[in-house]
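Numbered according to UniProt numbering, the sequence shown spans residues 1 to 64. See structure below.
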Amino acid sequence: MPTAPWAPERQWWSARHIVLHLLRDTAHHAGHADIIRESLDGGNTTQALAEEAGPDRSSPQDRT
1 MPTAPWAPER QWWSARHIVL HLLRDTAHHA GHADIIRESL DGGNTTQALA EEAGPDRSSP
61 QDRT
């Protein structure tokens, strides 16, 4: 039986390629979730982490 003309060619991925693909997709979607969260609550992740770390870890602009 011939292969289906609409089926893509079979590809073989290494374990490294699969892991890198999963990491990239996870980071991509985590970024989207962060954007949605920031638009809903008006917060900024970087600012929140700096405030949590204390005054000696905040940026020079925040110290004035």
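In this text, a Cβ means the ideal position worked out from N, Cα and C, and glycines have one as well.
A direct Cα-to-Cα measurement between ASN44 and GLU51 gives close to 11 Å.
Pairing ARG10 with HIS29, the inter-Cα distance amounts to about 27 Å. In this chain, the alpha helix (DSSP H) harbouring THR45 covers 45 to 53. Between the C-alpha atoms of ILE35 and GLY42 there is a straight-line separation of about 10 Å.
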